[in-house]
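Chains as they are written, first to last, in the working numbering: chain X, 6 to 417; chain U, 6 to 417; chain P, 6 to 417; chain S, 6 to 417.
There are 4 protein chains.
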Amino acid sequence: MSFSREIELDGHIIDSGIVENVLDTILDMGGDFEFLVFEVGKKKTDKSYAKIRISSDNCDKLDGIVSRLHRHGARLVEVAEVSLVPAEGERIVPKGFYSTTNYPTEIKYSGGWIQVEKIEMDCLIVVNPDEKRAICTPMDKLRQGDLVVMGELGVKVYPPERSRDHNEFEFMGGGVSSERPTETIIAKIAKEMVELHQRGGKVALVGGPAIIHTGAAGACAALVREGYINVLFAGNALATHDIEYSLYGTSLGMNIKTGDLVSAGHKNHLYAISEVMRAGSIRAAVETGVVRSGIMYECIKNNVPFVLAGSIRDDGPLPDVISDARIAQDEMRKYVPDIGMVLMVATMLHSIAVGNCLPAYVRTICVDINPSTVTKLMDRGTMQAIGIVSDAGAFIPMLLRQIRLMTGQSEE
Amino acid sequence: MSFSREIELDGHIIDSGIVENVLDTILDMGGDFEFLVFEVGKKKTDKSYAKIRISSDNCDKLDGIVSRLHRHGARLVEVAEVSLVPAEGERIVPKGFYSTTNYPTEIKYSGGWIQVEKIEMDCLIVVNPDEKRAICTPMDKLRQGDLVVMGELGVKVYPPERSRDHNEFEFMGGGVSSERPTETIIAKIAKEMVELHQRGGKVALVGGPAIIHTGAAGACAALVREGYINVLFAGNALATHDIEYSLYGTSLGMNIKTGDLVSAGHKNHLYAISEVMRAGSIRAAVETGVVRSGIMYECIKNNVPFVLAGSIRDDGPLPDVISDARIAQDEMRKYVPDIGMVLMVATMLHSIAVGNCLPAYVRTICVDINPSTVTKLMDRGTMQAIGIVSDAGAFIPMLLRQIRLMTGQSEE
Amino acid sequence: MSFSREIELDGHIIDSGIVENVLDTILDMGGDFEFLVFEVGKKKTDKSYAKIRISSDNCDKLDGIVSRLHRHGARLVEVAEVSLVPAEGERIVPKGFYSTTNYPTEIKYSGGWIQVEKIEMDCLIVVNPDEKRAICTPMDKLRQGDLVVMGELGVKVYPPERSRDHNEFEFMGGGVSSERPTETIIAKIAKEMVELHQRGGKVALVGGPAIIHTGAAGACAALVREGYINVLFAGNALATHDIEYSLYGTSLGMNIKTGDLVSAGHKNHLYAISEVMRAGSIRAAVETGVVRSGIMYECIKNNVPFVLAGSIRDDGPLPDVISDARIAQDEMRKYVPDIGMVLMVATMLHSIAVGNCLPAYVRTICVDINPSTVTKLMDRGTMQAIGIVSDAGAFIPMLLRQIRLMTGQSEE
Amino acid sequence: MSFSREIELDGHIIDSGIVENVLDTILDMGGDFEFLVFEVGKKKTDKSYAKIRISSDNCDKLDGIVSRLHRHGARLVEVAEVSLVPAEGERIVPKGFYSTTNYPTEIKYSGGWIQVEKIEMDCLIVVNPDEKRAICTPMDKLRQGDLVVMGELGVKVYPPERSRDHNEFEFMGGGVSSERPTETIIAKIAKEMVELHQRGGKVALVGGPAIIHTGAAGACAALVREGYINVLFAGNALATHDIEYSLYGTSLGMNIKTGDLVSAGHKNHLYAISEVMRAGSIRAAVETGVVRSGIMYECIKNNVPFVLAGSIRDDGPLPDVISDARIAQDEMRKYVPDIGMVLMVATMLHSIAVGNCLPAYVRTICVDINPSTVTKLMDRGTMQAIGIVSDAGAFIPMLLRQIRLMTGQSEE
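Laid out in structure tokens, this is it:
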């Protein structure tokens, strides 16, 4: 006995690798296929269309294949509205729920297709029947009675299609190589940042304390001041050492300009936190003139929002740190919809956390001296990330320099 | 004009590197020194004693030198009681406070020397004058009016001395090499664990989810069951994937036994969390028979306590996860005083967090495929860590095997 | 004005990613395309066929595109014999020469298609007109007057097609992750080795000295003895430390069983070389009973050929080491045609060197504690390599154990 | 029964860690000790002196201890001339030979102390009795009848003493951290290079092809031209890709300025080699105007000698490449005595090879994106190396910039 279902695909599905992925998945999962229709876009700008019958001798396996194909953009030919099941309780998902991708997604509901809001990967879709809205909902936010979309029927996803043009980052494609022209790559990123800036787009920096330790605080602060970083996601350490450097010239007690360990310098980060505690907040410390430079200073002065998420290795922490991870996640998610590009520098934990919340179409650059940070980021689903194996202390000053060259600013 | 102060050192100060560190520090910080007394322990078991006058043309610099020397175990010859200053407010340290090391520490107070309780690095010492107790206090816990020890006067630290015997881990000394005999190293660790176990000592495992992904969940659960892991510090991911593996045989959707991606397997970790949510807690899920194997199961069954600390990359999380980092730190600290050995496997964040809370005399083994995890752990002050560059999926099963060989158990 | 050429593709060109690569290349290089024919294989076992017209406004660019497409298996529709140009001198390639891929290759010559012998990447094809043979020739071997194939006209390559079945190593696909089930992966490799062995196929080990340093010499010697390693490519260091370990129980002076540095042990490797020098060769040292165990011993006893290539960091070297790199390359190439599988363990230089000589269809497993070794191997064109981030000292004993389990041998 | 021998130490033996290392070794090897004399240099500039009796219940163990202590600068109090034994044959060392350190070394011979010439680690000392000279001799050069120094009696080594001043690279001390201020470190290296240059000292660059791939060829060529690199040790790849870049603007076929893969660019390195083959040598290619820029060009134009050592992964190779590793080693050794500083950039094999030939007092900087390169270099005995985890493509341009800033040159 054999079971079968029909799916369809359209768009630039050949050169975007979608047909390949679909067949690959069927073969790997032991299914069979037959092309019912394959209309190939003859020319570069033409779209293609395929209708494929998938079959298997096992009904569950067939469902498994279809579920996986769905994530590559395949739609069931059968048209039906999504089916909904109310959640049994807080953080309890119904068996067979639809798990989101990070691609733009629509559901068929109440007679039409509606766009899923706030899409991010590995979440549920909860439908609000009164407002006819579909909201991508992390498990953490699932509450009893929420109406959850089940299975793939009635759901369409739009995986990214290959651009019709030359891909600027083509050469970055394979793996995480450190053997690429550093200045050329940085110039390309600078160009994207300048263009995004000119279009009014926003760049998020996800940064670790190595930015300060490696001596890039000044250049990073300049990027904020000059408008090229528009939201900051970081932890207690980046903010603390930035303020430590601003107040005492040290980071973890080392004088950044000389490389010397300063007398009693290991206490400086606790003094820095104390100064901010006394003021009440980073904003207050800036406004009362306690903190007069640095990344956090420029954020305050230029109204660049920041989210400082706590972690179990924090000293202090600063009063602005959100020590509850679930609240910090919510706070970060508020800024995600506006972001056009993310620069992740020298922080694995924050990079993966932010990567999890991003739609796949957001340009994502991950810079780390350690190639495994990029590998893990991709392993966790942020496939769009472009990895650059470099040193924060070199990368950020060179990026600033390139941006200034492009925008005709003299170096300060 | 010249300023000077006298310090003294005693114990096995030559072969423990203490005299070297002291002179090195003075030279690096531009001070001068003169040996006033140097009585060298003639024989292997004799102790040595040195009295050194430090001088400098700058009073602040001299204080800086003395402060740094203190951390190597140097005491000011001047004998005085500690001076105390009340904290101005929550998380506001007084200028000039004494910052702790992770060595055993005593203060001179109220006529005698008292031991500082709960010592860990980079904290303050707060004195309770009524009870005549001195408590090592992280900045996070500092409250208005707490009496804080100032400067180094009246404080003694006891850096670890070199053992008089052959050092089993001698060959691990330099750097983080991957070119060492894997089975030999594991046998040595197994031996220490067995001996500690026989003495009634406790081992903490600080573990990351790669333990599950690399297929070591079963061996790790056996270590818990057989009594070789006595407390577990981890995050949501380790517990979730352990339970996912127990319920569905997968980790992040991959069948661990076959390496295949399972149909719809990417939803399994959310189902696992749901099952625990429905039960109410991991304990309840074990006791009602929902979870019947794995690391968390063995922890519950064998009364091995665990602390699951939340992070911003968590899905779910499980109901047992403490999402507030400050509360999670407190919870972890409760178990630290009883720990005789820490095994850190495949987790940088947790390793550094736990390392921060450990006294220096706790044997600390850090196993990671990535040498930079060990480097960072040491950079953050956990100098006693022994780094092993290996794969969790090979290390833990081999460790279990060695322990069983040593204790005469047949392999199951 | 516009230039165009027509190419054709056939086989399992969709799911093998060939059509995607072709379109991707055209788009990246700024060309245009039109599908003239696209016959899609309807069912899993049917082949597909495509004829595509490529066009560009620039003749050189068009040639560049066609040249790149060729490497993906595209053939020009124009049928012509290869054109040949004699080489001007030793190691002087004619402008416009055809540069080989590591895929099976045929040329149209003298009225028929002939197979290119000894195919490896980045070489020339030299035609012997008398014997009507085409030999893949590294630049190093090119001599004045050699008849060199020019351009892509008359050359066909056969890129690997995706298997019609489930791919055992599917889950290894993306990047170089360390988060995979170690024992499962090793079991799969063991299975392939056992099957290859049973079919009479040959496995080459490309090994670095870390095999000895990490304590895997015994397990590795057993693999040779039991017939699972059939040729060895290594350097002076592996052979020297193997013999050092056999004679003195040390590797670089460290007792592998205890981890202790042995008195005067740093001289042992020079003694080991001396013993072999005195005997005259490794074979003589084995046959006269000087060397009685180890990897090299088993190679001699079991007639497993080895090539020891010299490098500028060698001590000694052993008399069997071929210190001239060009001669060593030739020697290695002699064994390549018989190899069915290559296991590369803990050596970057040798892995890349051997990888360069391998046809793409040879199963290639690269095991290294350092993910960048695998990345570099792939960057240098050995795209078929499967990377495993693990520790030689754990990997080899676990591999031996799995092979013995599968073949029903008791553990010794 | 107990055996004992007396050793003595003098100099800045406390703060240089020598006394600590001596006691540490005795304890680790299970010996006993008694201080017979310990005169401590009271002040910073005073030297110290110690006479220690070592004892053990085992005569061989005692010899082992003394042999190891010797390497820390300990001398036997017994004064005797070295004993000599003739080598039995080529590359056959006499049992009990003296194995060199990389510290300055003297032997007592023929009534006086003579300096050992060409000192490097892990070699033998061969005495020429006619000329009363002692030559450090690698095993490779040992010939029948050579008079080889035996044991430690009559040999003195001078381990480096700690400078009396502030150590500029103090902060680099522990491990291979990537969390250091990049620009500050580079400024310090630039300062040393400028000072060495002004004193007429020589800098060797040991470089890998990643210098070209990462886009640093231009900056590196400028360092040669401006006199800051005075000898070059590299392989075929660096020279080939440098000339490829000079001729075609590509490295491994990638346009370094745009990051694009160039049509047929994968053939460019073979064309580059062909051009040099046709000219006959790199010098001829420069002098006939074929090569007009780049690192190799500047070496020729500025009479900077280079040694290109072959390896088994070479394509071509260039006619200047010395494919025999033993000859290449000899060639490299010719330049070692004049070198004041070595900069190792992005090459593990060459770095270790050169490190093996360097006396310990040569300032050695090792720059690699991969921390394990530095770890291995130190594991192989080049303990003086300062490791910098950074990207060649950022490091070299930043170094050039710093040197120009210091020497008042405007940027070009």
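Glycine included, every Cβ here is placed at the ideal spot set by N, Cα and C. This one's a predicted model, so the numbers in the text were calculated from it and none came from an experiment.
For G205(U), count the other beta carbons within 10 Å of its own beta carbon; 16 or more makes it buried, fewer makes it exposed. Which is it? On the second sequence, residue 205(U) is found 200 positions in, with the first residue counted as 1. By the 10 Å Cβ count, G205(U) comes out exposed.
Mind checking which residues open and close the alpha helix (DSSP H) that includes V24(S)? One-based indexing of the fourth sequence puts residue 24(S) at position 19. Per DSSP, V24(S) belongs to the alpha helix (DSSP H) from 23-33.
Residues of chain X with a CB under 9 Å from the CB of K66(U): which are they? The residue you call residue 66(U) lines up with position 61 of the second sequence. Residues of chain X passing the Cβ test: S268.
Hey, is I190(U)'s beta-carbon within less than 8 Å of any beta-carbon in chain P? Here residue 190(U) is taken as the residue at index 185 of the second sequence, counted from 1. Answer yes: the Cβ-Cβ gap between I190(U) and chain P drops below 8 Å somewhere.
Measure the Cβ-Cβ separation of I12(P) and L74(P) and say whether it is below 8 Å. As a working note, residue 12(P) is residue 7 in the third sequence. As a working note, residue 74(P) is residue 69 in the third sequence. Cβ distance < 8 Å, so I12(P) and L74(P) count as in contact.
Buried versus exposed, by CB contacts within 10 Å (16 or more), E136(X): Here residue 136(X) refers to the residue found at position 131 of the first sequence. Residue burial is scored here from C-beta neighbours: E136(X) has fewer than 16 other C-beta atoms within 10 angstroms and is therefore classed as exposed.
From what residue to what residue does the alpha helix (DSSP H) around Y340(X) run? The residue you call residue 340(X) lines up with position 335 of the first sequence. 330-340 is the span of the alpha helix (DSSP H), which, as asked, contains Y340(X).
For G413(S) and N308(X), I'd like the C-alpha separation in whole angstroms. Residue numbering aside, residue 413(S) sits at position 408 when the fourth sequence is read from its first letter. Residue numbering aside, residue 308(X) sits at position 303 when the first sequence is read from its first letter. Computed Cα separation, rounded: 40 Å.
For a test of the three-state rule: what should DSSP assign to L210(S), helix, strand or coil? Taking the fourth sequence and counting its residues from 1, one reaches residue 210(S) at position 205. Strand, per DSSP.
Buried versus exposed call for R385(S) [16 or more other C-beta atoms within 10 Å across all chains shown]: Locating residue 385(S) in the fourth sequence gives position 380, where the first residue counts as 1. Taking a 10 Å sphere around the C-beta of R385(S), we find 16 or more other C-beta atoms and assign the residue as buried.
Does N3(X) pass the burial test, meaning 16 or more other C-beta atoms within 10 Å, or should it be called exposed? Nothing about residue 3(X) can be reported from this structure: the residues present for chain X run from 6 to 417 only.
Under 6 Å Cβ to Cβ from A252(P), same chain only, skipping five residues before and after it: list those, please. By 1-based counting over the third sequence, the position of residue 252(P) is 247. At residue 252(P) the sequence reads Leu, which differs from the Ala that was named. Around L252(P): A277.
Going by the CB atoms, is the gap between A333(U) and I124(X) shorter than 8 Å? By 1-based counting over the first sequence, the position of residue 124(X) is 119. By 1-based counting over the second sequence, the position of residue 333(U) is 328. With a cutoff of 8 Å on beta-carbon distance, I124(X) and A333(U) are scored as not near each other.
Beta-carbon separation of E188(X) and P402(S) under 8 Å? Here residue 188(X) refers to the residue found at position 183 of the first sequence. Here residue 402(S) refers to the residue found at position 397 of the fourth sequence. The answer is yes: Cβ separation under 8 Å.
Using Cβ-Cβ distances below 9 Å, what residues of the stretch 347-375 of chain X are close to chain P? Against chain P - using a Cβ distance shorter than 9 Å - the stretch 347-375 of chain X contributes no residues.
Under 8 Å Cβ-Cβ, which residues of chain S neighbour Y276(P)? As a working note, residue 276(P) is residue 271 in the third sequence. Within chain S, the residues near Y276(P) are V98, K100.
Does the separation of the CB atoms of R283(P) and I97(S) fall below 8 Å? Counting from 1 along the third sequence, the entry for residue 283(P) is found at position 278. Counting from 1 along the fourth sequence, the entry for residue 97(S) is found at position 92. Cβ atoms of R283(P) and I97(S): closer than 8 Å.
Using the beta-carbon count (16 or more within 10 Å), is L410(U) buried or exposed? Locating residue 410(U) in the second sequence gives position 405, counting from the first residue. It counts as exposed.
Cβ shell of H202(X) (< 7 Å), same chain only, five flanking positions each side left out: As a first step, residue 202(X) must be located in the first sequence, where it is residue number 197. Answer for H202(X): G232, Y233, listed in chain order.
Measuring alpha carbon to alpha carbon, tell me which residue in L257(S), S88(S), I57(S), T387(S) is nearest G159(S). Walking along the fourth sequence from the start, residue 159(S) turns up at place 154. With distances taken between Cα atoms, G159(S) lies closest to S88(S).
Quick check on E417(U): buried or exposed, where buried means 16 or more other Cβ atoms within 10 Å of its Cβ? Taking the first residue of the second sequence as 1, we reach residue 417(U) at position 412. Interpretation of E417(U) is limited by its pLDDT of 48, a score under 50 that renders its predicted location unreliable; the figure taken from the coordinates is listed afterwards. Exposed: under 16 other Cβ atoms inside 10 Å.
Give the interface partners of G69(U) over in chain S, defined as CB-CB distance under 7 Å, in chain order. Looking up residue 69(U) in the second sequence gives position 64. In chain order: nothing, as chain S lies at least about 13 Å away.
Going by DSSP, name the residue or residues bridged to T303(S). Position 298 of the fourth sequence holds residue 303(S). The amino acid at residue 303(S) is misidentified as Thr; the sequence shows Glu. In the DSSP output, where bridge partners are listed per residue, E303(S) has none listed.
Beta strand (DSSP E) segment containing T110(U), residue limits: In the second sequence, counting from the first residue as 1, residue 110(U) sits at position 105. Run containing T110(U): 110-114, per the beta strand (DSSP E) assignment.
Cβ closer than 8 Å: which chain S residues qualify as neighbours of T263(X)? Counting from 1 along the first sequence, the entry for residue 263(X) is found at position 258. Under a criterion of Cβ atoms nearer than 8 Å, the residues of chain S adjacent to T263(X) are, in order, T189.
For a contact meaning CB atoms closer than 7 Å, what does A314(S) contact in chain P? One-based indexing of the fourth sequence puts residue 314(S) at position 309. Under the 7 Å cutoff, chain P gives I317.
If you reduce the DSSP assignment to three classes, tell me which class I190(X) lands in. To locate residue 190(X), count along the first sequence from 1; it is residue 185. I190(X): helix per DSSP, three-state reduction.
Which of the residues in the stretch 328-340 of chain P, read from start to end, lie with their CB under 9 Å from any CB of chain S? For the stretch 328-340 of chain P, which is checked against every Cβ of chain S, the residues closer than 9 Å are S328, D329, A330, R331, I332, A333, Q334, M337.
Output yes if chain U places a C-beta closer than 8 Å to the C-beta of V82(S); else output no. Your numbering for residue 82(S) matches position 77 in the fourth sequence. Not one chain U Cβ lies under 8 Å of V82(S).
Please classify A85(U): is it buried, with 16 or more other beta-carbons within 10 angstroms of its beta-carbon, or exposed? Taking the first residue of the second sequence as position 1, residue 85(U) is located at position 80. So A85(U) ends up on the exposed side.
Using a Cβ-Cβ cutoff of less than 6 Å, which residues in the same chain neighbour V71(S) once the five nearest sequence positions on both sides are dropped? Counted from its first residue, the fourth sequence places residue 71(S) at position 66. Sequence-distant Cβ neighbours of V71(S) in its own chain, meaning closer than 6 Å and more than five residues away, are R10.
Closest Cα partner of L382(X) within the set S356(X), D396(X), F400(X): Taking the first residue of the first sequence as position 1, residue 382(X) is located at position 377. Ranking the options by Cα distance to L382(X), first place goes to S356(X).
In chain U, which residues lie with their C-beta within 7 Å of the C-beta of K193(P)? If you number the third sequence from 1, residue 193(P) lands on position 188. Contact of K193(P) with chain U by beta-carbon distance below 7 Å involves G264.
Identify the continuous alpha helix (DSSP H) that holds G223(P) and give its terminal residues. Against the third sequence, residue 223(P) aligns to sequence position 218. Residues 222-230.
Within the same chain, show all residues whose beta-carbon is closer than 6 Å to that of A192(X), passing over the 5 residues directly before and after it, in chain order. As a position in the first sequence, residue 192(X) is number 187, starting the count at 1. The answer, listed in chain order, is Q407.
In three-state terms, what does DSSP make of Q203(X)? One-based indexing of the first sequence puts residue 203(X) at position 198. Here Q203(X) sits in helix by DSSP.
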